[in-house]
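Protein chains in written order, with my numbering: chain Z, 1 to 305; chain A, 306 to 510. From the three backbone atoms N, C-alpha and C, an ideal C-beta is built for every residue, glycine too. What follows is a set of notes on a single structure, which appears directly below.
This is the structure we're talking about:
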């Protein structure tokens, strides 16, 4: 065995050897783009990475020489003509099945109530599609699901949950309890582990003991019961505030149980803040208070900018 | 790999009150996930009425602090007077823009009292674009958290004691939800009568 040959277990034997005839898959599009530009213009284009993808700005080092013998090549490319990669060096833009439609949701649990709130703005990129779309969905009369993320995935998730709830009611002759609904939502999300619902959920309701319950989720179904939960584009503005005001962290005064009216006022303040600093949050916030007697809804207007 | 501005971690807030300003920062120095020091200063006193908070890459934090001290000394020698916060902010902006195509990886905030003891606040991006506010400025790795806290807790014309409480709560709640900042905090309250500096008892994780 010669010194230059790598041992049998070495991972380098699995990688393609550098060889101009064979390009590794990842590099091929960039290199072929560069080759294409070079072949056509006879000059090298410096790749520039911009929000439109990679573009090439022709850097003409031999522009003088090029112009002299220009007749043969056809017209000499202008040094200031920016090709966005569509004619000279075509590249493929991947289709993304996901889109972020914005919004923020917040849920807080109390002694015998749960409050869940979400803004009503639907956006796509920098555009507002609607100022009046609800992100809250009552699964039972004791349990409300709030979701932010991709609207189509959220709608589909709700339809699927509604169907499963209905089947449960037919089979068990009672409506689903909040902890069971929480588990079902977690399972439903995990079922699509490898092509997830782009939906960031909070579930709020009254549990079987009559106490307020809030569950937080990630997009693939990991969940836990928490005192409060915020999700969506404005979550980082709201979560530390909730830590301080609801969970009473870093405070020296005594913690006290907050009545639902006070929590609703806190929620309004929180959404005003999120509306100020997050472009996807605003227009109005829908607040639902869930008690053993049912669900009360309130709409509070926010800035429309 | 994360952004170069998130390599060391920082959280700095400055707030304006009634004839006073306060500036607070965490004291963590990390190398990505590993914490390396819990007593790293990111807020520097330029004079009794002017503080600058530098968040970002730690080496640039220290270098820019030295550069600022140097420029301030030259100014005071030539002009025979103290640099006002507005001028200082401009000098800092200039230093950063000089390095436009190879910048210092810091996003600073300036807090001070001007000649009439009125609060002055400014924040900047890494190439020196300034923003002047009359309420608060934030910088670091937990800006989302800090904006949420400040926007909710802030009210205008707070007295120094209330400003201290508000700023401390805002900073503590914000860093407790950020892995890269925390491990202690320092708050400086600046009034025309002097500076009060306090260390906050914070979660050491």
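Discussion item. By alpha-carbon positions, which one of A:491, A:489, A:485 ends up nearest to residue 301 of chain A?
Written reply: There is no way to answer for residue 301 of chain A, as the model of chain A reaches only from 306 to 510.
Item to complete: Would you please verify whether the beta carbon of residue 26 of chain Z is less than 8 Å from any beta carbon of chain A?
Response: Position 26 of the first chain, counted from the start, is the residue given in the question as residue 26 of chain Z. Residue confidence is low: residue 26 of chain Z scores 46 on pLDDT, short of 50, so the model does not pin down where it sits. Its coordinate-derived value is still stated next. By this cut-off, residue 26 of chain Z is not an interface position.
Discussion item. Please list, in chain order, the residues of the segment 465 to 494 of chain A that have any C-beta partner in chain Z closer than 7 Å.
Written reply: Closer than 7 Å at the C-beta level to chain Z, one finds these residues of the segment 465 to 494 of chain A: 474, 477, 478, 479, 481, 482.
Discussion item. Quick check: residue 285 of chain Z and residue 258 of chain Z, are their CB atoms within less than 8 Å of each other?
Written reply: Position 285 of the first chain, counted from the first residue, corresponds to residue 285 of chain Z. Position 258 of the first chain, counted from the first residue, corresponds to residue 258 of chain Z. Contact annotation: residue 285 of chain Z and residue 258 of chain Z have beta-carbon atoms that are not nearer than 8 Å.
Worksheet entry | Delimiting residues of the beta strand (DSSP E) encompassing residue 204 of chain Z | The residue labelled residue 204 of chain Z in the question sits at position 204 within the first chain. 199 to 206 is the extent of the beta strand (DSSP E) around residue 204 of chain Z.
Worksheet item: Enumerated in chain order, which unbroken segments of the beta strand (DSSP E) with a length of 3 residues or greater are wholly contained in the segment 404 to 453 of chain A?
Response: 411 to 418, 424 to 429, 435 to 438, 441 to 445
Worksheet item: Counting along the chain, where does the alpha helix (DSSP H) carrying residue 266 of chain Z start and finish?
Response: Looking up residue 266 of chain Z in the first chain gives position 266. It spans 260 to 277 - the alpha helix (DSSP H) in which residue 266 of chain Z sits, taken as one unbroken run.
Discussion item. Let me see if you follow: with CB-CB separation under 8 Å, is residue 445 of chain A close to chain Z or not?
Written reply: Taking the first residue of the second chain as 1, we reach residue 445 of chain A at position 140. Residue 445 of chain A does not count as touching chain Z.
Fill in: residue 194 of chain Z, buried or exposed, once every other Cβ within 10 Å from all chains shown has been counted against 16
If you number the first chain from 1, residue 194 of chain Z lands on position 194. Residue 194 of chain Z comes out exposed.
Fill in: alpha helix (DSSP H) runs contained entirely in the segment 94 to 177 of chain Z, provided each spans 4 or more residues
151 to 172
Practice prompt. Counting only the same chain and skipping the five closest in sequence on each side, list residues whose C-beta sits under 7 Å from that of residue 365 of chain A.
Written response: Residue 365 of chain A sits at position 60 when you count from the first residue of the second chain. Same-chain partners within the cutoff: 409, 410, 411.
Worksheet entry | Per DSSP, the bridge partner or partners of residue 500 of chain A | The residue given as residue 500 of chain A occupies position 195 in the second chain. A:495, per the DSSP bridge assignment.
Worksheet item: Are residue 288 of chain Z and residue 116 of chain Z close, meaning C-beta to C-beta below 8 Å?
Response: The count along the first chain starts at 1 and reaches residue 288 of chain Z at position 288. The count along the first chain starts at 1 and reaches residue 116 of chain Z at position 116. It is a contact, given that the beta carbons lie within the stated cut-off.
Worksheet item: Three or more beta-carbon pairs under 8 Å between the segment 416 to 424 of chain A and the segment 318 to 330 of chain A, yes or no?
Response: yes
Discussion item. Would residue 452 of chain A pass as an interface residue toward chain Z - the criterion being a Cβ-Cβ separation below 8 Å?
Written reply: Here residue 452 of chain A refers to the residue found at position 147 of the second chain. So, interface residue.
Worksheet entry | Residue-chain proximity (residue 456 of chain A, chain Z), Cβ-Cβ < 8 Å | Numbered from 1 along the second chain, position 151 holds the residue referred to as residue 456 of chain A. Answer yes: the Cβ-Cβ gap between residue 456 of chain A and chain Z drops below 8 Å somewhere.
Worksheet item: Mapping DSSP to helix, strand and coil, what is residue 398 of chain A?
Response: Working through the second chain from its first residue, we reach residue 398 of chain A at position 93. Of the three classes helix, strand and coil, the one that applies to residue 398 of chain A here is helix, per DSSP.
Worksheet item: Helix, strand or coil: how does DSSP classify residue 290 of chain Z here?
Response: Counting from 1 along the first chain, the entry for residue 290 of chain Z is found at position 290. If DSSP states are grouped into helix, strand and coil, residue 290 of chain Z belongs with the strands.
Worksheet item: Which residues of chain B have a Cβ atom closer than 7 Å to the Cβ of residue 449 of chain A, listed in chain order?
Response: The question asks about chain B, but that chain is absent: this structure's protein chains are Z and A.
Worksheet item: Counting Cβ pairs, one atom from each stretch, are 3 or more of them under 8 Å apart for the segment 117 to 129 of chain Z and the segment 172 to 184 of chain Z?
Response: no
Discussion item. Can you give me the C-alpha to C-alpha distance between residue 105 of chain Z and residue 96 of chain Z, rounded to a whole angstrom?
Written reply: For this step, residue 105 of chain Z is matched to residue 105 along the first chain. For this step, residue 96 of chain Z is matched to residue 96 along the first chain. C-alpha separation (whole angstroms): 24 Å.
Worksheet item: Pairing CB atoms from the segment 260 to 280 of chain Z with CB atoms from the segment 479 to 497 of chain A, are three or more of them under 8 Å?
Response: no
Worksheet item: Do residue 151 of chain Z and residue 101 of chain Z have their CB atoms nearer than 8 Å?
Response: Within the first chain, numbered from 1, the residue matching residue 151 of chain Z stands at position 151. Within the first chain, numbered from 1, the residue matching residue 101 of chain Z stands at position 101. Yes; because the gap between Cβ atoms is below 8 Å, this pair is in contact.
Fill in: Validate contact between the segment 250 to 264 of chain Z and the segment 218 to 225 of chain Z using beta carbons, cut 8 Å, 3 pairs
Touching, no.
Worksheet item: Looking only at C-alpha atoms, which of A:509, A:498, A:507, A:504 sits nearest to residue 324 of chain A?
Response: Mapped onto the second chain, residue 324 of chain A falls at position 19. Here the closest residue by C-alpha is A:498.
Discussion item. When you compare the segment 340 to 356 of chain A with the segment 325 to 332 of chain A, are there three or more beta-carbon pairs, one atom per stretch, that lie closer than 8 Å?
Written reply: yes
Worksheet item: Relative to the C-alpha of residue 121 of chain Z, which residue among Z:108, Z:109, Z:103, Z:136 is closest?
Response: Sequence index remark: in the first chain, residue 121 of chain Z carries index 121 (1-based). Of all alpha-carbon atoms in Z:108, Z:109, Z:103, Z:136, the one lying nearest the alpha-carbon of residue 121 of chain Z is that of Z:103.
Worksheet item: Using 8 Å as the limit for Cβ to Cβ distance, is residue 117 of chain Z near chain A?
Response: Within the first chain, the letter at position 117 stands for residue 117 of chain Z. Residue 117 of chain Z does not count as touching chain A.
Worksheet entry | Enclosing beta strand (DSSP E) for residue 359 of chain A [first to last residue] | As a working mapping, residue 359 of chain A is identified with position 54 in the second chain. Per DSSP, residue 359 of chain A belongs to the beta strand (DSSP E) from 355 to 361.
Fill in: Cβ separation of residue 202 of chain Z and residue 107 of chain Z, assumed to be a contact under 8 Å, to the nearest whole Å
For this step, residue 202 of chain Z is matched to residue 202 along the first chain. For this step, residue 107 of chain Z is matched to residue 107 along the first chain. The pair is a contact, with the Cβ atoms about 4 Å apart (cut-off 8 Å).
Worksheet item: Under 8 Å, do residue 98 of chain Z and residue 215 of chain Z count as touching if we go by C-beta distance?
Response: On the first chain, position 98 is the one that residue 98 of chain Z refers to. On the first chain, position 215 is the one that residue 215 of chain Z refers to. Cβ atoms of residue 98 of chain Z and residue 215 of chain Z: not closer than 8 Å.
Discussion item. Between which two residues does the beta strand (DSSP E) holding residue 351 of chain A run?
Written reply: The residue labelled residue 351 of chain A in the question sits at position 46 within the second chain. DSSP places residue 351 of chain A in the uninterrupted beta strand (DSSP E) bounded by 348 to 352.
Worksheet item: Would residue 171 of chain Z count as contacting chain A if we go by Cβ distances under 8 Å?
Response: In the first chain, counting from the first residue as 1, residue 171 of chain Z sits at position 171. Cβ-Cβ to chain A under 8 Å: no for residue 171 of chain Z.
Worksheet item: Near residue 113 of chain Z, which residues of its chain fall below 7 Å by C-beta distance, leaving aside the five closest residues on each side in sequence?
Response: Position 113 of the first chain, counting from 1, holds the residue named residue 113 of chain Z. Cβ neighbours of residue 113 of chain Z within its own chain (closer than 7 Å, five residues either side excluded): 212, 260, 289, 290, 291.
Worksheet item: Is residue 215 of chain Z helix, strand or coil by DSSP?
Response: Indexing the first chain from 1 puts residue 215 of chain Z at position 215. If DSSP states are grouped into helix, strand and coil, residue 215 of chain Z belongs with the strands.
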